[in-house]
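**Student:** Let me give you the structure first, and then I'll get to my questions.
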Amino acid sequence: MLQNNTKVAALVAALSLTGMSSAFAATPVSITASDAQSGHSAENTHDGSLDTRWSAQGNGQWVQYDFGGPVTLSAIEIAFLNGDSRTSTFQIESSDDANSWNQQPMGLADGSSAQLQSYALTSDVTAQYFRIVGYGNSSNSWNSITETAFIDGGTSSCQAITVTASADDGNVASNVMDGDLSTRWSANGEGQTLTQDWCGATKEFSGVDIAFFKGDSRSTTFSIEVNSGGTWTTALAKTTSASNTNGLQTFNFDQPITGTQMRYTGYGNSSNAWNSVTEFAPTLCNSSDEDGCGFQPDVCDIDYNSQACLDQRCPIDPDGEGCPIIIDPVCEQMSYNGECADYSEVYEAEHGEIGENDHITNRFPIEMSFDALAAKHTTPNGNGWRHELKIKSSGGYRVSMTELYEEFKATITAHLDPGAKTIVAQHHASDTGTITKLYIADLNEGGFEPAPDGTESNSIALDGIFDVYIRLAKEDGSGETKHLLTTIRSGESFDFEEVNDHGVVTVKINGQTLDSVSIEDSTESYFKFGNYQQAQNPATNEKLSSDDQDSWPAFYNEWFSTSVIEFTNMSYIRNID
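Numbered by my numbering, the letters in the sequence shown go through residues 795 to 1371 in order.
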């Protein structure tokens, strides 16, 4: 045990006095929004479920909470859709009359968690109305909140200062706050993190004291960040410890920095890739060793287009002003003629009433989501609303299937209402003829060839069990064959792979392969994927006329509220002869 380290003892004593009782504000009496995507209403943000959400596209969209009378809040907890893989920008506002609004500083969810995260207000705020104003996320312009909670003034949702870690080997994170140099936190691998949370209380830090396991025989490399309002700021760039002591080592920041959390990121030690910390003690500006506390200006406030600012903001907002287009360096996601490429180089979007890039939900790794009911895209002779990507029609990208090798792989997840039928991938001849078409359908259909794994077709309309099947052109051009691949329910996934090797097409479903077929195709065909929901009555199997597209909105409104197809684990190769 530490017997003589008064600094660590004082820290432990201070931590033990910071416990606070948890107290949440009254539930809002009403929740409204500036706009909402179909099926994703404002009320979903306060229903106790992380599986539902409010979504609205574009800067300035908001969700508003009316408490029916004045309440005093110290913090708001917010969970964002895909909050563990992308950042979200937002601002909290308060009002007494829902007309005149007082604004908190801009906030940023840091992309580390899809759970509720606490965002402290600058001070206790008393108001009847609170709202969260969204400014998109690091993948696209959508604002999507899954859940909220409201913290009463002077309280916090946690009981004491806590510390958590990205991983451990049984030597847990709390050991770094027990005042004992014989215990430790340990995790293997570059980028492992240790986060100390000060219960939403804003503190001003001038540095940090850290003791390292085996610190007298090896050095350790790490960095320190501080979180304020959801924005993580580097307080100490990657640095290396001394290797001559097991005791606390002091690391002073260039300038003091305020925040509610401090995060340690480890990069291994001089002997191996392990990160091992025995004690972790931030230095507060109001402590006895205060040394000229002040604020460090943000590099983007100094020069928005400086390299330092680009380095800071581009990882958070890759589409921001001046940020370079980043291509996957090993071509794992997209390869065109032997070189790494972005999907936008080869594909164009059929996006209708929503943004051109709204299908992108994550860039690295690439993930996409297609919402046919939101896009409402139509084409001449089409048979329903669609939201798809297709090989570009100009620029020489479309050629006969016998003139190229292409390979498409993805895990496909369907979120569909009973009775839906949609095409999620297809090889399309230039005359609109069918070469391959991959369907997901909950209709009364039949005539399937058996699935590779022996699964039998359901073919019962409106029961929520979807047949996944593919139509393949016959080699002699006399028609098509229809092959069942598997069955799923809404929310379930399957792995799909289609390879065209100069006109020889091979399809795999969940790792099992259908017999290859040879295609005699001399036209300029093209591949497309996404969500092409058919305008087909699930009760009668009757298709609506493509000449009467004005009737489609009423049809979709009657039968469907959700139509989203997600693509993950994606890759695409296209090599033209």
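Ideal Cβ placement from N, Cα and C applies to all residues, glycine included.
Apart from the five residues just before and just after K1276, which ones in its own chain have a Cβ nearer than 7 Å to its Cβ?
**Tutor:** The residue given as residue 1276 occupies position 482 in the sequence shown. If we look at K1276 and ignore the five residues flanking it on each side, its Cβ neighbours are G1241, F1242, E1243, Y1263 and R1265.
**Student:** Helix, strand or coil for T1196, going by three-state DSSP, please let me know.
**Tutor:** Residue 1196 sits at position 402 when you count from the first residue of the sequence shown. In this structure, T1196 counts as helix in the three-state DSSP scheme.
**Student:** Could you check where the alpha helix (DSSP H) with A1168 kicks off and where it finishes?
**Tutor:** On the sequence shown, residue 1168 is found 374 positions in, with the first residue counted as 1. Run containing A1168: A1166 to A1169, per the alpha helix (DSSP H) assignment.
**Student:** If I measure Cβ to Cβ from Q1330 and keep anything under 6 Å in the same chain, skipping five residues before and after, which residues do I get?
**Tutor:** Position 536 of the sequence shown holds residue 1330. Here the set comprises K1215 and K1337.
**Student:** Please state the DSSP three-state secondary structure of E887.
**Tutor:** Within the sequence shown, the letter at position 93 stands for residue 887. The answer is strand: DSSP assigns E887 an E or B state.
**Student:** Counting pairs of beta carbons, one from the segment 854 to 862 and one from the segment 915 to 926, are three or more of them closer than 8 Å?
**Tutor:** Verdict: yes, contact present.
**Student:** Measuring straight from C-alpha to C-alpha, what distance separates A1031 and K1186?
**Tutor:** The residue you call residue 1031 lines up with position 237 of the sequence shown. The residue you call residue 1186 lines up with position 392 of the sequence shown. C-alpha separation (whole angstroms): 44 Å.
**Student:** How long is the line joining the alpha carbons of Q851 and G1001, rounded to whole angstroms?
**Tutor:** Locating residue 851 in the sequence shown gives position 57, counting from the first residue. Locating residue 1001 in the sequence shown gives position 207, counting from the first residue. When rounded, the distance between both Cα atoms is 40 Å.
**Student:** Measuring only the C-alpha atoms, how far is G1041 from S1357?
**Tutor:** For the purposes of this step, residue 1041 is identified with residue 247 of the sequence shown, where counting begins at 1. For the purposes of this step, residue 1357 is identified with residue 563 of the sequence shown, where counting begins at 1. Straight-line Cα distance between these residues: approximately 58 Å.
**Student:** Can the beta-carbon of N1369 be found less than 8 Å from the beta-carbon of Y1191?
**Tutor:** For the purposes of this step, residue 1369 is taken as residue 575 along the sequence shown, with counting starting at 1. For the purposes of this step, residue 1191 is taken as residue 397 along the sequence shown, with counting starting at 1. No, the pair does not count as a contact, with Cβ atoms beyond the cut-off.
**Student:** When the Cα atoms are used, what is the spatial distance from M1195 to R1157?
**Tutor:** Taking the first residue of the sequence shown as 1, we reach residue 1195 at position 401. Taking the first residue of the sequence shown as 1, we reach residue 1157 at position 363. Using only the alpha carbons, I get a separation of about 28 Å.
**Student:** Hey, quick one: how far does the beta strand (DSSP E) through R1368 stretch, first residue to last?
**Tutor:** To locate residue 1368, count along the sequence shown from 1; it is residue 574. S1357 to I1370 is the extent of the beta strand (DSSP E) around R1368.
**Student:** I'd like to check one pair, S868 with D829: are the Cβ atoms closer than 8 Å?
**Tutor:** Working through the sequence shown from its first residue, we reach residue 829 at position 35. Working through the sequence shown from its first residue, we reach residue 868 at position 74. No.
**Student:** Buried or exposed, going by whether 16 or more other CB atoms sit within 10 Å of the CB of E1019?
**Tutor:** Taking the sequence shown and counting its residues from 1, the one referred to as residue 1019 is at position 225. So E1019 counts as buried.
**Student:** So, with DSSP's three-state summary, where would you put E1352?
**Tutor:** Taking the sequence shown and counting its residues from 1, one reaches residue 1352 at position 558. Here E1352 sits in helix by DSSP.
**Student:** Is I1259 near the ligand MG - that is, is its Cβ less than 7 Å away from at least one heavy atom of it?
**Tutor:** In terms of ligand content, the structure shown is empty, and the ligand MG therefore cannot be addressed.
**Student:** Between the alpha carbons of T1362 and T839, how many angstroms are there, rounded?
**Tutor:** In the sequence shown, the residue the question calls residue 1362 occupies position 568. In the sequence shown, the residue the question calls residue 839 occupies position 45. Cα to Cα, the separation comes out at about 25 Å.
**Student:** Count the other CB atoms, across all protein chains shown, that sit within 10 Å of the CB of G862; report buried if there are 16 or more and exposed otherwise.
**Tutor:** Working through the sequence shown from its first residue, we reach residue 862 at position 68. It is exposed - the Cβ of G862 has fewer than 16 other Cβ atoms within 10 Å.
**Student:** Can the beta-carbon of G1060 be found less than 8 Å from the beta-carbon of T1039?
**Tutor:** By 1-based counting over the sequence shown, the position of residue 1060 is 266. By 1-based counting over the sequence shown, the position of residue 1039 is 245. No. Outside cutoff.
**Student:** Quick check on the DSSP output: the beta strand (DSSP E) that includes A827 runs from which residue to which?
**Tutor:** Numbered from 1 along the sequence shown, position 33 holds the residue referred to as residue 827. Here the beta strand (DSSP E) through A827 covers S824 to A827.
**Student:** Short of 7 Å in beta carbon distance, which residues of its chain neighbour S1345, apart from the five on each side in sequence? Order them along the chain.
**Tutor:** In the sequence shown, counting from the first residue as 1, residue 1345 sits at position 551. Here the set comprises L1338.
**Student:** Note down, one range per segment and in chain order, each alpha helix (DSSP H) of at least 4 residues found wholly within the segment 1265 to 1310.
**Tutor:** Here no run is fully enclosed.
**Student:** State the CB to CB distance for the pair R1012 and S976, rounded to an integer number of angstroms; the pair is presumed to be in contact (CB under 8 Å).
**Tutor:** Position 218 of the sequence shown holds residue 1012. Position 182 of the sequence shown holds residue 976. R1012 to S976, Cβ: 17 Å. No contact.
**Student:** Where N969 and W979 are concerned, what is the direct C-alpha to C-alpha distance, given to the nearest angstrom?
**Tutor:** Translated into the one-based positions of the sequence shown, residue 969 becomes position 175. Translated into the one-based positions of the sequence shown, residue 979 becomes position 185. Answer to the nearest angstrom: the Cα atoms are 6 Å apart.
**Student:** Here's the rule: buried if 16 or more other CB atoms are within 10 angstroms of the residue's CB, otherwise exposed. What is G1178?
**Tutor:** Position 384 of the sequence shown, counting from 1, holds the residue named residue 1178. With 16 or more Cβ atoms within 10 Å of its Cβ, G1178 is classed as buried.
**Student:** Please state the DSSP three-state secondary structure of M971.
**Tutor:** In the sequence shown, the residue the question calls residue 971 occupies position 177. Of the three classes helix, strand and coil, the one that applies to M971 here is helix, per DSSP.
**Student:** Can you give me the Cβ contacts of N1080 inside the same chain, cut-off strictly under 7 Å, excluding the 5 residues immediately before and after it?
**Tutor:** Numbered from 1 along the sequence shown, position 286 holds the residue referred to as residue 1080. Here N1080 scores only 44 on pLDDT, less than 50, and its place in the model is too uncertain to base an answer on.
**Student:** Return the CA-CA distance between D1105 and G905, expressed in angstroms with no decimal places.
**Tutor:** On the sequence shown, residue 1105 is found 311 positions in, with the first residue counted as 1. On the sequence shown, residue 905 is found 111 positions in, with the first residue counted as 1. D1105 and G905: Cα-Cα distance of roughly 17 Å.
**Student:** In chain order, what residues of the same chain lie with their CB nearer than 6 Å to the CB of E1269, ignoring the 5 residues before and after it?
**Tutor:** Along the sequence shown, read from residue 1 onward, the residue named residue 1269 stands at position 475. Only V1311 and S1312 meet the Cβ criterion.
**Student:** Exposed or buried, what is D1165 when buried is set at 16 or more other beta-carbons lying within 10 Å of its beta-carbon?
**Tutor:** For the purposes of this step, residue 1165 is taken as the residue at position 371 of the sequence shown. It counts as buried.
**Student:** According to DSSP, is N838 part of a helix, a strand, or is it coil?
**Tutor:** Taking the sequence shown and counting its residues from 1, one reaches residue 838 at position 44. Three-state result, N838: helix.
**Student:** In chain order, what residues of the same chain have a beta carbon less than 6 Å from the beta carbon of T1205, not counting five sequence neighbours either side?
**Tutor:** Residue mapping note: residue 1205 aligns to position 411 of the sequence shown, counting from 1. Hits under 6 Å: S1287, D1289, T1362 and N1363.
**Student:** Below 8 Å on the Cβ atoms is my guess for P1332 versus D1261; work out the distance and round it to an integer in Å.
**Tutor:** The residue labelled residue 1332 in the question sits at position 538 within the sequence shown. The residue labelled residue 1261 in the question sits at position 467 within the sequence shown. P1332 to D1261, Cβ: 13 Å. No contact.
**Student:** Is the beta carbon of L844 closer than 8 Å to that of A873?
**Tutor:** Looking up residue 873 in the sequence shown gives position 79. Looking up residue 844 in the sequence shown gives position 50. The answer is yes: Cβ separation under 8 Å.
**Student:** Tell me whether the beta-carbon of T1054 lies closer than 8 Å to the beta-carbon of A995.
**Tutor:** The sequence position of residue 1054 within the sequence shown is 260, counting from 1. The sequence position of residue 995 within the sequence shown is 201, counting from 1. Yes. Within cutoff.
**Student:** Cutting at 7 Å between CB atoms, please list the residues of its own chain near P1212, excluding the five before and the five after it.
**Tutor:** Reading the sequence shown from its first residue, position 418 is the one you call residue 1212. Around P1212: D1236, L1256, D1257 and G1258.
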